Amino acid sequence: MGDTTTVPDSAGEFAGTADSVAGLDEVLWNTISTAVLLRSHPRFDERVLDAYARDGASALPTAELVGIGGLVDAVEPSESLVSLARERAGERMPQLQLHVADPAGWEPTGYDLVQCVLGVAAFDDVEAGTRHLVERARPGGRVVIAAWARDALDPLPGLLAAAVRDRDDDAEASPAALTVDVADSAGNLAHWLTELGLLGVRAEEVQRHVDLTPELAWQLVEGTRLRSALAGLDDERIAAVRERYLASVAGDDVVVVDLSTLIAVGRRPEA
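This is how it looks when you write it as structure tokens:
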């Protein structure tokens, strides 16, 4: 379905981890994507850019909403995740075009809606990448950005980093940051997007806390940016990190995890 601009699978932050990402659909991606779509309001016949589309959690329902007269360009660097999204979509939504590509280099413009769900932190240059997304929207078009709230997933990143540092070789590796300083609160996110040229920006925090089981604690490592802390480790070392990490989660009596997000909606100025 759709055309695919091939890039090395390693270019994707979640390359090769499609199953781990998909394992979080119910508890994470689907819930967050639903909250975003309630605010982005995809409409019949609209053209939409879904940046960092992952396994299609937001792109597929968006395609349903725009109908066959619309278009959704779902752009994701990981070939394995795009393949999963394509498998899920089948042939029932010709309006969904899936692309293995870097959102920072996506050139088409004129979209009625540009949305990015928990993706801006993946840009090498966060400000330049987000500005590039803003510029993909047509004059008067909507831009919707969802980001992790400050302290989301805490204390899991710190516990994971400590478990990695405790490896026998004493090498250090910290997980990639989940949040962006300029977008770690509703106020900061709204101010930042306004500075990037959007008008009438409204941002809010969508609070959500879920019970944390050992299974979910490890799923959140494997299926989110936390996985970057495991880069370069073989299976034996990953197993050792997992054991230490889960022991710390239990030892610190972490039984609830904060999955709160920030969602901002704004418009590009009319020409």
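Note that the sequence shown ends on residue 251 in my numbering; no numbers are left out.
Virtual Cβ for every residue (Gly too), placed ideally from N, Cα, C.
All values derive from a computational prediction rather than experimental measurement.
Tell me, please, which residues DSSP counts as bridged to residue i.
i	result
T241	W128 and V186
V55	A31 and H79
V236	D191
On a Cα-Cα basis, can you pick out the residue from the options that is closest to residue i?
i	options	result
L51	R23, L139, R145 and A129	R23
A244	A129, E44, D233 and G138	A129
A101	W9, D238, Y32 and A117	Y32
Y91	P57, E216, A108 and S20	S20
L178	L78, A251, L61 and D82	A251
W9	E59, E175, A65 and S228	A65
R247	E115, T241 and T193	E115
D191	W198, D232 and V236	V236
A183	A209, A170, E195 and H189	A170
G180	P155, L242 and V123	V123
T110	V160, A230 and A37	V160
L196	G3, A(-2) and D(-1)	G3
V28	A117, N168, V234 and D215	A117
G188	R72, L78, D131 and S38	Note on identity: in this sequence residue 188 is Arg, with Gly being the wrong assignment. Comparing Cα positions, the closest option is D131.
V162	V106, A209 and G36	V106
V46	G70, P57, L239 and Q77	Q77
G99	E67, A69 and G36	G36
T193	V229, L173, L139 and A54	V229
R34	E44, D(-1) and D25	D(-1)
L93	G121, D104 and F103	G121
P256	G212, T14 and P119	Any question about residue 256 goes unanswered here, given that the chain covers just -19 to 251.
E87	L113, A227, A69 and R217	L113
Tell me the DSSP secondary structure of residue i in three-state form.
i	result
Q95	strand
A31	strand
D25	coil
R66	helix
A(-5)	With a pLDDT of 46 at A(-5), under the threshold of 50, the modelled position of this residue cannot be trusted, and the question is left open.
R247	strand
L179	strand
R207	helix
D5	helix
G254	Residue 254 falls outside the range modelled here, since the chain spans only -19 to 251, and no answer is possible.
S0	helix
A15	helix
A230	helix
V87	The sequence given here has Glu at residue 87, not Val. Coil.
P275	Residue 275 lies beyond the range of the chain shown here (-19 to 251); nothing can be said about it.
L213	coil
G109	helix
S38	coil
Quick check on residue i: buried or exposed, where buried means 16 or more other Cβ atoms within 10 Å of its Cβ?
i	result
P74	exposed
L200	buried
L18	exposed
Q95	buried
A126	buried
E59	buried
V6	Note that residue 6 corresponds to Glu in the displayed sequence, not to Val. So E6 ends up on the exposed side.
E175	exposed
R72	exposed
L239	buried
I12	buried
T204	buried
E67	exposed
Whole beta strand (DSSP E) elements within the segment 112 to 166, 3-residue minimum: 117 to 128
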